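K.L.:
Numbering follows the UniProt record's numbering, with no gaps: position 163 of the sequence shown is 163.
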Amino acid sequence: MTATLPPFGDLLRGWRQRRRLSQLDLAGDADISARHLSYVETGRSVPSRDMVLRLAEQLDVPLRERNTLLLAAGYAPMFSERPLHDPALGAALEAVEAVLAGHEPYPALAVDHHWNLVAANRAVGPLLAGVDAELLTPPVNVLRLSLHPRGLAPRIENLSEWRLHLLNRLAGQIERSGDAELAHLRRELAAYPAPDPLPAGTHGHAQAHVFVPLRLMTSQGPLALLGTTTVFGTPLDVTLSELAIEAFFPADAATGERLRALLEVPPGGAAGEGGG
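1) Taking the alpha-carbon positions, what's the Pro6 to Arg169 distance?
2) Starting from Met51, follow the alpha helix (DSSP H) in both directions and report where the run begins and ends.
3) Which whole-angstrom value is the C-beta distance of Asp86 and Glu242, which I expect to be below 8 Å?
4) Tell me which residues share the same chain as Ala73 and place their Cβ nearer than 8 Å to its Cβ, disregarding the 5 neighbours each side in the sequence.
5) Alpha carbon to alpha carbon, how far is Leu117 from His36?
6) Can you list, in chain order, the residues of its chain whose CB lies under 7 Å from that of Leu145, leaving out five sequence neighbours each side?
7) Can you find the residues in the same chain that come closer than 8 Å, C-beta to C-beta, to Ala171, ignoring five residues on each side of it along the sequence?
8) Among Leu100, Val140, Ala133, His165, which residue has its Cα nearest to the Cα of Arg122?
9) So for Gly221, helix, strand or coil by DSSP?
10) Grab me the residues of His205's own chain with a C-beta within less than 6 Å of its C-beta, minus the 5 sequence neighbours each way, in chain order.
11) Given a threshold of 16 other Cβ atoms within 10 Å of its Cβ, counted over all protein chains shown, does Glu264 qualify as buried or as exposed?
12) Determine the direct distance from the alpha carbon of Arg260 to that of Leu223, and round the result to whole angstroms.
13) Taking the beta strand (DSSP E) that residue 282 falls in, what are its first and last residues?
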């Protein structure tokens with residue numbers, strides 16, 4: 001049974017307030033009068049389909065939630081939501097696989113909007129040695145894998161710093177999306193045993209003043225990894241819009257050499273194959 005949606009005006013007001021915009025601000029951005037926007041939010045005026053999409057665009061509402069806004073206003077959803085293995089997404093997934101493979105010997109993985117693993121290149125597998133098998137059972141959540149005490153956490157040298165970085169990043173994603181499942185995930189991660197915080201003003205290396213590296217111990221020695229995120233620029237499908245590639249680069253020459261050495265070691269499990 002489909003849940004009853006809140007009125008369109010209430011949803012719109014919620015997104016406007018989440019973006020910290022006044023009615024005047026949003027009206028100016030959308031090129032409508034503040035009075036008309038007020039009428040739309042209070043239900044005194046019914047927005048056209050184009051108006052719904054224009055307001056959603058100005059508010060940078062995720063595609064999934066744009067469909068919700070359209071439904072609440074009485075219109076059919078505009079953006080499809082196909083399963084990952086739908087033939088229509090074939091070209092996009094081939095591009096993802098090519099990016100992942102081309103990034104070797106450095107680790108890279110693709111995740112959905114809830115940080116569940118979709119695919120990973122061969123360089124990821126060796127980094128997961130010693131991780132509890134339960135955490136590698138699909139769907140694999142990469143944030144849980146990173147911070148869980150039976151996951152990578154015991155081998156992350158700057159766990160306090162990395163944990164704070166991930167929790168802050170997740171908080172920002174929740175703020176932008178309003179996703180309740182992400183909020184639940186963040187509460188779970190925040191409840192894991194926390195390491196002692198770093199003394200104020202201390203950093204392992206000068207680069208920490210510019211970015212937060214992942215410092216991970218491996219069988220080949222310590223790694224210092226710089227992470228980057230890539231998303232599709234003009235998606236019209238909900239699933240595709242929520243897919244992201246998390247790629248890691250060596251932050252120093254020694255890490256590059258160790259990553260190349262790790263890739264030559266036969267994997268101890270199926271962790272590098274991905275799933276979701």
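Here a beta-carbon is modelled for each residue, glycine too, at the ideal position from N, C-alpha and C.
These numbers were taken from a predicted model, which means no experiment stands behind them.
P.N.:
Result, derived from the coordinates:
1) Counting from 1 along the sequence shown, the entry for residue 6 is found at position 6. Counting from 1 along the sequence shown, the entry for residue 169 is found at position 169. Looking at the two C-alpha atoms, the distance is approximately 28 Å.
2) Here the question's residue 51 lines up with position 51 in the sequence shown. That run of the alpha helix (DSSP H) goes 49-58.
3) Locating residue 86 in the sequence shown gives position 86, counting from the first residue. Locating residue 242 in the sequence shown gives position 242, counting from the first residue. Asp86 to Glu242, Cβ: 14 Å. No contact.
4) Along the sequence shown, one-based indexing puts residue 73 at 73. For Ala73, where only same-chain residues beyond five positions count, the Cβ hits under 8 Å are Phe8, Val46, Pro47, Arg49, Val52.
5) Numbered from 1 along the sequence shown, position 117 holds the residue referred to as residue 117. Numbered from 1 along the sequence shown, position 36 holds the residue referred to as residue 36. Going from the Cα of Leu117 to the Cα of His36 covers about 44 Å.
6) Locating residue 145 in the sequence shown gives position 145, counting from the first residue. The residues are Val131, Leu135, Gly151, Leu152.
7) The residue labelled residue 171 in the question sits at position 171 within the sequence shown. So the list reads Arg186, once near-sequence residues are dropped.
8) On the sequence shown, position 122 is the one that residue 122 refers to. Closest option to Arg122, Cα to Cα, is Leu100.
9) In the sequence shown, residue 221 corresponds to position 221, counting from 1. Looking at Gly221 - three-state DSSP - the assignment turns out to be strand.
10) Within the sequence shown, the letter at position 205 stands for residue 205. Residue placement at His205 is flagged as unreliable, the pLDDT there being 49, under the threshold of 50; the coordinate-derived value follows with that caveat. Cβ within range, chain order: n/a, list empty.
11) Position 264 of the sequence shown, counting from 1, holds the residue named residue 264. The residue is exposed, with fewer than 16 neighbouring Cβ atoms inside 10 Å.
12) The sequence position of residue 223 within the sequence shown is 223, counting from 1. The sequence position of residue 260 within the sequence shown is 260, counting from 1. Approximately 11 Å between the Cα atoms of the pair.
13) The chain is shown from 1 up to 276; residue 282 falls before or after that span and cannot be answered.
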